[in-house]
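**Student:**
Numbering (the working numbering), first residue to last: 103 to 169.
This is the structure:
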């Protein structure tokens with residue numbers, strides 16, 4: 103009984119780790135942006151415009167929509 107529960111726990115932990123890793127794949131990390139750079143603007147809009155400026159209009163015709 104204990105061995106069965108241990109195996110089940112290992113399986114569940116593996117599944118949780120897999121799901122956490124999959125959820126991170128769609129995230130990006132933005133480094134070296136000083137705290138408060140958005141100067142009172144909505145953070146989502148600030149990041150959207152920053153991405154457009156950094157990556158150029160070749161990639162984005164308009165600022166990307168972010169969640």
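The beta carbon of each residue, even a glycine, is placed where N, CA and C say it ideally should be.
Can you give the beta carbon distance from residue 165 to residue 150, rounded, assuming they're within the 8 Å contact cut?
**Tutor:** Position 63 of the chain shown, counted from the first residue, corresponds to residue 165. Position 48 of the chain shown, counted from the first residue, corresponds to residue 150. Right, the Cβ-Cβ distance comes to about 4 Å (below 8 Å), so this counts as a contact.
**Student:** With respect to 7 Å, is the separation between the Cβ of residue 120 and the closest non-hydrogen atom of the ligand ATP below this value?
**Tutor:** Although the ligand ATP was asked about, the structure shown includes no ligands whatsoever.
**Student:** With DSSP run on the structure shown, which of helix, strand or coil describes residue 154?
**Tutor:** Here the question's residue 154 lines up with position 52 in the chain shown. In the structure shown, residue 154 sits in a helix (DSSP, three-state: H, G or I).
**Student:** With DSSP as the reference, label residue 122 as helix, strand or coil.
**Tutor:** By 1-based counting over the chain shown, the position of residue 122 is 20. DSSP places residue 122 in helix when its eight states are reduced to three.
**Student:** Check residue 135 in the structure and name its three-state DSSP category.
**Tutor:** Here residue 135 is taken as the residue at index 33 of the chain shown, counted from 1. Coil.
**Student:** Are the CB atoms of residue 140 and residue 148 nearer to each other than 8 Å?
**Tutor:** Locating residue 140 in the chain shown gives position 38, counting from the first residue. Locating residue 148 in the chain shown gives position 46, counting from the first residue. Their beta carbons are under 8 Å apart, which means residue 140 touches residue 148 by this criterion.
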